[in-house]
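S.K.:
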Amino acid sequence: MTDLAPLHSEDAERSVLGGLLFRPALIGTLTIEVRDFYSPRHQAVFEAMRNLDATTQAVDPMTVAEELRRMGRAAAVGREGDPTALAYLMDLELSCPSPENVERYVKDELHWYARKRAVVSVLSDLHQRAIRSERESG
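In my numbering, the protein residues as written are 745 to 882.
(1) Using the rule of at least 16 other Cβ atoms within 10 Å of the residue's Cβ for burial, across every protein chain shown, is methionine 745 buried or exposed?
(2) Looking at arginine 873: is its Cβ nearer than 7 angstroms to the Cβ of leucine 751?
(3) Tell me, to the nearest whole angstrom, how far the beta carbon of glutamate 757 is from that of histidine 786; I am working on the premise that it is less than 8 angstroms.
(4) Look at the alpha carbon of leucine 854 and the alpha carbon of isoleucine 776, and state the distance between them as a whole number of angstroms.
(5) Report the rounded CA-to-CA distance for serine 753 versus valine 803, giving the unit in angstroms.
(6) What is the C-beta distance between arginine 767 and valine 846, in whole angstroms, given that I count them as a contact (C-beta under 8 angstroms)?
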């Protein structure tokens with residue numbers, strides 16, 4: 745399998761999540777999927793935000809931390825000494841340079857990298873199939 749790690753931007757992912765924590769009303773207006781985030785930590789945070797938004801609950805660091813706990817993912821999101829993930833979520837909220845630009849971060853960064861990873865994944869799969877086919881016929 746191809747290493748997809750270079751095909752993401754940690755800063756862009758943090759900026760998007762931070763902007764959504766700062767302006768949770770944007771969650772329902774943006775086209776974002778969990779898979780658009782490369783980092784499993786960020787996937788979990790976004791999934792928790794989306795769960796809260798879907799049930800019209802407040803989305804803030806405290807409620808997201810609680811939702812992560814309910815999902816059994818808080819320890820995976822939090823840093824050492826932060827098993828609730830609250831400190832990490834508060835850092836995320838502060839990491840967005842400008843909440844007004846969240847839509848641009850999603851379109852120009854998050855989606856761009858997600859599309860590149862999808863293309864690389866498909867090409868890698870096709871490559872593996874070609875190798876298997878060659879071995880089976882040879």
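Glycine residues also receive a C-beta, built at the ideal position from the N, C-alpha and C atoms.
Note that this is a predicted model, so its numbers are computed, not measured.
M.R.: If we stick to the structure as given:
(1) Start at 1 with the first residue of the sequence shown, and residue 745 comes out as number 1. Residue placement at methionine 745 cannot be trusted, given a pLDDT of 49 that sits under 50; the coordinates are not used to answer.
(2) On the sequence shown, position 129 is the one that residue 873 refers to. On the sequence shown, position 7 is the one that residue 751 refers to. Against a cut-off of 7 angstroms, the Cβ pair of leucine 751 and arginine 873 comes out as no contact.
(3) Counting from 1 along the sequence shown, the entry for residue 757 is found at position 13. Counting from 1 along the sequence shown, the entry for residue 786 is found at position 42. In this structure, glutamate 757 and histidine 786 form a Cβ contact; the two beta carbons are roughly 5 angstroms apart against a cut-off of 8 angstroms.
(4) Here the question's residue 854 lines up with position 110 in the sequence shown. Here the question's residue 776 lines up with position 32 in the sequence shown. Using only the alpha carbons, I get a separation of about 9 angstroms.
(5) What you label residue 753 is simply residue 9 of the sequence shown in a count that begins at 1. What you label residue 803 is simply residue 59 of the sequence shown in a count that begins at 1. When rounded, the distance between both Cα atoms is 24 angstroms.
(6) In the sequence shown, residue 767 corresponds to position 23, counting from 1. In the sequence shown, residue 846 corresponds to position 102, counting from 1. Contact flag correct, Cβ pair sits at about 7 angstroms.
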